[in-house]
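Enquirer: Here our numbering is used: position 550 in the sequence shown is 598, and no number is missing along the way. Think of the CB as a built atom: it goes at the ideal place given N, C-alpha and C, for glycine as much as any other residue.
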Amino acid sequence: MSGFVHLHVHTEYSLLDGSAKIGKLVKKARELNMKALAITDHGSMYGVIEFYKKCKENNIKPIIGCEVYIAPRGRFRKEGSIDAENYHLVLLAKTNEGYKNLMKIVSSAFIDGFYYKPRADYDLLKENNKDLIALSACLGGEVQFLLLKDEYEKAKEKALLYNEIFGQGNFYLELQNHGFDEQKKVNDLLVKLSRETGIPLVATNDVHYVEREDAKAHEILLCIQTGKTIDDEERMSFEVDEFYLKSIEEMKEIFRGYEEALSNTLKIAEECNVEFEFNVTKLPKFETPDGIPSNEYLRRLCFEGLYERYKNVTKEITDRLEYELSIIEKMGYVDYFLIVWDFIKFAKDNNIITGPGRGSAAGSIVAYTLGITKIDPIKYNLLFERFLNPERVSMPDIDSDFCYERRQEVIDYVVKKYGQDRVAQIITFGTMAARAVIRDVGRALNYPYAEVDRIAKMIPMELNITIDRALELNPELRQEYENNERIKYLIDISKSLEGLPRHSSTHAAGVVIASAPLVEFVPLSKNDEAVVTQFPMTILEELGLLKMDF
Numbered sequence: 049m050s051g052f053v054h055l056h057v058h059t060e061y062s063l064l065d066g067s068a069k070i071g072k073l074v075k076k077a078r079e080l081n082m083k084a085l086a087i088t089d090h091g092s093m094y095g096v097i098e099f100y101k102k103c104k105e106n107n108i109k110p111i112i113g114c115e116v117y118i119a120p121r122g123r124f125r126k127e128g129s130i131d132a133e134n135y136h137l138v139l140l141a142k143t144n145e146g147y148k149n150l151m152k153i154v155s156s157a158f159i160d161g162f163y164y165k166p167r168a169d170y171d172l173l174k175e176n177n178k179d180l181i182a183l184s185a186c187l188g189g190e191v192q193f194l195l196l197k198d199e200y201e202k203a204k205e206k207a208l209l210y211n212e213i214f215g216q217g218n219f220y221l222e223l224q225n226h227g228f229d230e231q232k233k234v235n236d237l238l239v240k241l242s243r244e245t246g247i248p249l250v251a252t253n254d255v256h257y258v259e260r261e262d263a264k265a266h267e268i269l270l271c272i273q274t275g276k277t278i279d280d281e282e283r284m285s286f287e288v289d290e291f292y293l294k295s296i297e298e299m300k301e302i303f304r305g306y307e308e309a310l311s312n313t314l315k316i317a318e319e320c321n322v323e324f325e326f327n328v329t330k331l332p333k334f335e336t337p338d339g340i341p342s343n344e345y346l347r348r349l350c351f352e353g354l355y356e357r358y359k360n361v362t363k364e365i366t367d368r369l370e371y372e373l374s375i376i377e378k379m380g381y382v383d384y385f386l387i388v389w390d391f392i393k394f395a396k397d398n399n400i401i402t403g404p405g406r407g408s409a410a411g412s413i414v415a416y417t418l419g420i421t422k423i424d425p426i427k428y429n430l431l432f433e434r435f436l437n438p439e440r441v442s443m444p445d446i447d448s449d450f451c452y453e454r455r456q457e458v459i460d461y462v463v464k465k466y467g468q469d470r471v472a473q474i475i476t477f478g479t480m481a482a483r484a485v486i487r488d489v490g491r492a493l494n495y496p497y498a499e500v501d502r503i504a505k506m507i508p509m510e511l512n513i514t515i516d517r518a519l520e521l522n523p524e525l526r527q528e529y530e531n532n533e534r535i536k537y538l539i540d541i542s543k544s545l546e547g548l549p550r551h552s553s554t555h556a557a558g559v560v561i562a563s564a565p566l567v568e569f570v571p572l573s574k575n576d577e578a579v580v581t582q583f584p585m586t587i588l589e590e591l592g593l594l595k596m597d598f
């Protein structure tokens, strides 16, 4: 690898703070001939799998990380404004074990430490420090913060503490230069600190958007996040347009004389080697009575159900059942069927109304004999292959419908049976859709409500409509765009922010069940009181986890 690697990068998943869409970001990195790239979103890991896949497609080495918040008095302290203060720290995973440790830190920061932000602390870092590299972050990092306050000895003490937590060679003092006087002052002191302690330096750019010209849209995004307008003197602002994905040449120019800090980015990139495996199922084991092998138990249940369901059991019917069982066994889904059978049985035993079964699962005689579905696939000539096909590697999908008022009882049963740490609800993201983004941007630009409302209403009410599509469909909107500078500006900013995730919420029906504590497979967060996965449903499936749609 030559030159420089970006190790401090915020994507669209630094919600309402990063506007770098992953696809655009990775494409730009490829154009700039970058051989590796990191993701370090604020406090969360929402985007890491999408980022990883995109990088791999573009022949770029993905470096998986997170910029975590550190609570100075510990993550369990939550008092007034004193604990609302926090410091930044960038963590990068060196290996898959390092990735697991990163997930544990980020999950606990949400579940135990959340107070305005998800917060970690020294204890949590010490417990999960293996195979992680830490960088001291931006001016919001603890060492830099103390240097700015002219508390050099205290800053040195903290730097040595982080160095001790992560081990010599795994903690770096981070140099940044976006043209601020404070950074110049801090950088000189960091160099001095590095000489005195032997803690190495690393050069980064705090990337929040892709191109320099995206700075304006990013300013608007910050206004949307903080509920301010662009005219507000007090609003949060980055002040300069330097937070973009700079080229290797630009970074070499900015950090001329700091060659070691530049080459350390390559050293770190070489040490970070996280690999994900996809479509390998990680099903929980179903505990059978008296330890009967699960395939035998499934067989027994199916044949009992067969004689209950059919008055006349023909060879055709038993052949079909044998065929399905052999496929289910071959594909490794025996436990899956037993798990679903078990919670449907719980619902029935407790008079919780269940649906007849939806979708392709209705084509399975195994599902029918187990009482999972209520539709006879033989009678209606339904195909099993639509549901489960040896040619297709995706998990079978049985949607289970329960009475809305009592659905939570079924979820509680599953939590009790498989363990609280192995079951969670699933996250979903609300995105900035066409009409909404125009309203958000108009508000941030301080445009009159009536003017923005008029433009927003020109976007046709159509599923998944985009602003570009609306401009094609509505000549009146097109005309406004072409002939009115103010409206063109509103629409251009809206287009660049369109589709960004705006907030996270809990999927109405999705539940994931794992074979070991979930935090071994996926980072967790909290929505209200529910523990949820940080990855949405489609990604959980790709990672081979068992997701249920209740």
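(1) Rounded to whole angstroms, what's the CA-CA distance from MET49 to TYR61? Just pull it up for me.
(2) Please work out which residues of its chain come closer than 7 Å, Cβ to Cβ, to MET585, disregarding the five sequence neighbours upstream and downstream, and give them in chain order.
(3) Buried or exposed: GLN582, going by 16 or more other Cβ atoms within 10 Å of its Cβ?
(4) Take GLU546 as the anchor and find which of ARG487, GLU568, LEU566, TYR497 has the nearest alpha-carbon.
(5) Assign LYS422 to buried or exposed, taking buried as 16 or more other Cβ atoms, counted over all protein chains shown, within 10 Å of its Cβ.
(6) Spatial neighbours of THR329 within its chain, please: C-beta separation below 7 Å, excluding the five flanking residues on both sides.
(7) How is the alpha helix (DSSP H) around LYS300 delimited, first residue to last?
(8) Which first and last residues belong to the alpha helix (DSSP H) in which ALA182 is found?
(9) Could you please give the first and the last residue of the uninterrupted alpha helix (DSSP H) stretch that includes SER542?
(10) Enumerate in chain order the residues of its own chain whose CB-to-CB distance from LYS396 is below 8 Å, with the five nearest sequence positions on each side excluded.
(11) Note down the Cα distance separating ILE503 from ILE278, rounded to an integer number of angstroms.
(12) Three-state secondary structure (DSSP) at ASP390?
(13) In this structure, does DSSP put MET49 in helix, strand or coil?
(14) Between the C-alpha atoms of ILE130 and LYS165, what's the straight-line distance to the nearest angstrom?
(15) Report the rounded CA-to-CA distance for GLU244 versus GLU499, giving the unit in angstroms.
(16) Excluding the 5 residues flanking GLU248 on each side, which residues of the same chain have their C-beta closer than 6 Å to its C-beta?
(17) For a test of the three-state rule: what should DSSP assign to HIS226, helix, strand or coil?
(18) Helix, strand or coil: how does DSSP classify LEU125 here?
(19) What does the Cβ neighbour count give for GLN527, buried or exposed, with the cut at 16 atoms within 10 Å?
(20) Determine, using beta-carbon pairs with one atom in the segment 158-178 and one in the segment 286-306, whether at least three such pairs fall under 8 Å.
(21) List the DSSP bridge partners of HIS136.
(22) Using alpha carbons as the reference points, say which of ILE213, ASP445, LEU223, LYS363 lies closest to LEU238.
(23) Could you check if MET82 is buried or exposed, using at least 16 other CB atoms within 10 Å of its CB as the buried criterion?
(24) Say yes only if the C-beta of ASP280 is nearer than 6 Å to one or more non-hydrogen atoms of the ligand ATP, and no if none qualify.
(25) Could you give the residue range of the alpha helix (DSSP H) that holds ASP597?
(26) ILE515: which of GLU230, ARG483, PRO523 sits nearest, CA to CA?
(27) Give me the residue from GLY478, PRO549, ASP460, LEU64 with the minimum Cα distance to VAL471.
(28) Would you say LYS76 and VAL258 are within 7 Å of each other, going by their C-beta atoms?
(29) So, helix, strand or coil for HIS551, using DSSP?
(30) Going by alpha carbons, who is nearest to LEU511 out of LEU525, ALA481, ARG534?
(31) Determine the direct distance from the alpha carbon of TYR416 to that of LEU431, and round the result to whole angstroms.
(32) Quick check on the DSSP output: the beta strand (DSSP E) that includes GLN473 runs from which residue to which?
(33) Using beta-carbon positions only, say whether ALA182 and VAL191 come within less than 7 Å of one another.
(34) For TYR529 and MET506, I'd like the C-alpha separation in whole angstroms.
(35) Taking the C-alpha atoms as reference points, what is the distance between LEU209 and HIS136?
Expert: Answer, in terms of the structure:
(1) Within the sequence shown, the letter at position 1 stands for residue 49. Within the sequence shown, the letter at position 13 stands for residue 61. With a pLDDT of only 49 at MET49, under the threshold of 50, the placement of this residue in the model should not be trusted; the figure read from the coordinates follows. A direct Cα-Cα distance of roughly 27 Å separates MET49 from TYR61.
(2) If you number the sequence shown from 1, residue 585 lands on position 537. Hits under 7 Å: ILE474, HIS555, GLY558, LYS595.
(3) Taking the sequence shown and counting its residues from 1, one reaches residue 582 at position 534. Result: buried.
(4) The residue you call residue 546 lines up with position 498 of the sequence shown. Minimum Cα distance to GLU546 is reached at ARG487.
(5) Here residue 422 refers to the residue found at position 374 of the sequence shown. Looking at its Cβ environment, which holds fewer than 16 other Cβ atoms inside 10 Å, LYS422 is exposed.
(6) Here the question's residue 329 lines up with position 281 in the sequence shown. Same-chain partners within the cutoff: GLY380, MET443, GLY592.
(7) Sequence index remark: in the sequence shown, residue 300 carries index 252 (1-based). 296-302 is the extent of the alpha helix (DSSP H) around LYS300.
(8) What you label residue 182 is simply residue 134 of the sequence shown in a count that begins at 1. From DSSP, ALA182 is part of no alpha helix (DSSP H) but of the beta strand (DSSP E) over 180-183.
(9) What you label residue 542 is simply residue 494 of the sequence shown in a count that begins at 1. Segment 533-545, the alpha helix (DSSP H) holding SER542.
(10) For the purposes of this step, residue 396 is taken as the residue at position 348 of the sequence shown. The answer, listed in chain order, is THR402, GLY419.
(11) For the purposes of this step, residue 503 is taken as the residue at position 455 of the sequence shown. For the purposes of this step, residue 278 is taken as the residue at position 230 of the sequence shown. Distance between the alpha carbons of ILE503 and ILE278 is about 20 Å.
(12) As a first step, residue 390 must be located in the sequence shown, where it is residue number 342. ASP390: helix per DSSP, three-state reduction.
(13) Counting from one through the sequence shown, the residue named residue 49 turns up at place 1. Only weak support is given to the placement of MET49: the predicted model assigns it a pLDDT of 49, under 50, and the value that follows is read from those uncertain coordinates. Correct three-state label for MET49: coil.
(14) Residue mapping note: residue 130 aligns to position 82 of the sequence shown, counting from 1. Residue mapping note: residue 165 aligns to position 117 of the sequence shown, counting from 1. ILE130 and LYS165 have their C-alpha atoms roughly 13 Å apart.
(15) Your numbering for residue 244 matches position 196 in the sequence shown. Your numbering for residue 499 matches position 451 in the sequence shown. Cα-Cα distance, rounded: 60 Å.
(16) Against the sequence shown, residue 248 aligns to sequence position 200. In the sequence on display, residue 248 carries Pro and not Glu. Only TYR220, ASN312 meet the Cβ criterion.
(17) Counting from one through the sequence shown, the residue named residue 226 turns up at place 178. HIS226: coil per DSSP, three-state reduction.
(18) Working through the sequence shown from its first residue, we reach residue 125 at position 77. The displayed chain sequence assigns Arg, not Leu, to residue 125. If DSSP states are grouped into helix, strand and coil, ARG125 belongs with coil.
(19) Looking up residue 527 in the sequence shown gives position 479. Exposed is the call here.
(20) no
(21) Position 88 of the sequence shown holds residue 136. Answer is TYR117, GLY189.
(22) Locating residue 238 in the sequence shown gives position 190, counting from the first residue. Comparing Cα positions, the closest option is LEU223.
(23) Taking the sequence shown and counting its residues from 1, one reaches residue 82 at position 34. MET82 is buried by the Cβ-count criterion.
(24) Absent from the structure shown: the ligand ATP. Ligands present: none.
(25) Start at 1 with the first residue of the sequence shown, and residue 597 comes out as number 549. Careful: ASP597 lies outside any alpha helix (DSSP H), inside the beta strand (DSSP E) at 594-597.
(26) As a first step, residue 515 is located in the sequence shown; it is residue number 467 there, counting from the start. Taking ILE515 as reference, the option from GLU230, ARG483, PRO523 with the minimal CA-CA separation is ARG483.
(27) The residue given as residue 471 occupies position 423 in the sequence shown. VAL471 has its Cα closest to that of ASP460, out of GLY478, PRO549, ASP460, LEU64.
(28) Against the sequence shown, residue 76 aligns to sequence position 28. Against the sequence shown, residue 258 aligns to sequence position 210. A contact, by the Cβ cut-off of 7 Å.
(29) In the sequence shown, the residue the question calls residue 551 occupies position 503. Correct three-state label for HIS551: strand.
(30) Here residue 511 refers to the residue found at position 463 when the sequence shown is read from its first residue. Residue ALA481 is the option with its Cα nearest to LEU511.
(31) In the sequence shown, the residue the question calls residue 431 occupies position 383. In the sequence shown, the residue the question calls residue 416 occupies position 368. Going by the C-alpha atoms only, they are around 13 Å apart.
(32) Along the sequence shown, one-based indexing puts residue 473 at 425. Counting along the chain, the unbroken beta strand (DSSP E) around GLN473 starts and ends at 471-479.
(33) Start at 1 with the first residue of the sequence shown, and residue 182 comes out as number 134. Start at 1 with the first residue of the sequence shown, and residue 191 comes out as number 143. Cβ distance not < 7 Å, so ALA182 and VAL191 don't count as in contact.
(34) Translated into positions along the sequence shown, residue 529 becomes position 481. Translated into positions along the sequence shown, residue 506 becomes position 458. Approximately 11 Å between the Cα atoms of the pair.
(35) The sequence position of residue 209 within the sequence shown is 161, counting from 1. The sequence position of residue 136 within the sequence shown is 88, counting from 1. Between LEU209 and HIS136, the C-alpha separation is close to 15 Å.
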